[in-house]
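Start counting at 1 in the sequence shown, then tack on 426, and there's your number in my numbering.
Yeah, the Cβ is synthetic: ideal placement off N, Cα and C, and Gly gets one too.
Take a look at the structure set out below.
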Amino acid sequence: MKKYTKYIIIISVIFSVISCTYDHITTEDIHPIGPTEIRIKNASNYDYKDVDVSIPGITYNYGDINKGEVTGYKTFEYAYRYAGVHLMIDTSLYRFIPADYVGEKTLGKGKFTYIITVTDTVLSDTVYNNLYIEVEKD
427 MKKYTKYIII
437 ISVIFSVISC
447 TYDHITTEDI
457 HPIGPTEIRI
467 KNASNYDYKD
477 VDVSIPGITY
487 NYGDINKGEV
497 TGYKTFEYAY
507 RYAGVHLMID
517 TSLYRFIPAD
527 YVGEKTLGKG
537 KFTYIITVTD
547 TVLSDTVYNN
557 LYIEVEKD
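See below:
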């Protein structure tokens, strides 16, 4: 019995240390508390059609956004400094697809604007359509 008592004490100490180590980490440290309100600004010279913005688990359609316009806010439980975006310009599909959100902190509670711009780059007679997204705290 004495042999097992020693192991029980060691295991108890290990669990005590582990549980104390993680007591100070909260969900807010990993994902700041929302809700996060997001609107879209079209900062390009083109009219956007059928604009979808998505983060893992939710997609909102912001509809059509003419050049220079800003939409109303939509409420996300949380959001990052960038998001997935799909939109049409004339008959061309433009996409911004995040690889992942590893290491990213959420924006937290507040109002933010995703500023979306589009540029066309011509290289060797091929046109490359580039969609960019940046965030601004309102």
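Measuring alpha carbon to alpha carbon, tell me which residue in the options is nearest residue i.
| i | options | result |
| --- | --- | --- |
| E463 | K500, K563 and I559 | K500 |
| G529 | F502, I491, Y508 and I484 | Y508 |
| F538 | L513, F502 and L557 | F502 |
| A525 | I559, G510, G536 and G498 | G510 |
| Y488 | D478, K563, L557 and G536 | D478 |
| S518 | E495, N556, Y430 and K467 | N556 |
| I459 | T485, V544, G498 and L533 | L533 |
| Y504 | Y430, G536, I436 and D564 | G536 |
| I541 | D564, K531 and Y527 | D564 |
| G399 | K467, N471 and D473 | A question about residue 399 goes unanswered here, because the residues of the chain that appear run from 427 up to 564. |
| Y520 | S470, K432, I440 and R465 | S470 |
| G494 | Y472, S480 and I484 | Y472 |
| V496 | Y474, Y430, I437 and S438 | Y474 |
| I523 | K432, Y558, I515 and N492 | Y558 |
Determine the DSSP secondary structure at residue i, reduced to helix, strand or coil.
| i | result |
| --- | --- |
| I523 | coil |
| Y474 | strand |
| Y508 | coil |
| K563 | strand |
| T517 | coil |
| Y448 | At Y448, the pLDDT of 49 sits below 50, so the modelled position is not reliable; the number obtained from the coordinates is stated separately. It is coil, neither helix nor strand. |
Can you name the start and end residues of the beta strand (DSSP E) that residue i belongs to?
| i | result |
| --- | --- |
| Y499 | From DSSP, Y499 is part of no beta strand (DSSP E); its letter is neither H nor E. |
| R465 | T462 to N468 |
| V528 | No beta strand (DSSP E) contains V528, which DSSP labels as neither H nor E. |
If residue i and residue j are in contact, beta carbons under 8 Å, what's the gap, nearest whole angstrom?
| i | j | result |
| --- | --- | --- |
| D476 | L513 | 7 Å |
Tell me, which residues are paired with residue i by DSSP?
| i | result |
| --- | --- |
| G536 | T462 |
| T485 | S480 |
| N556 | T545 |
| I491 | Y474 |
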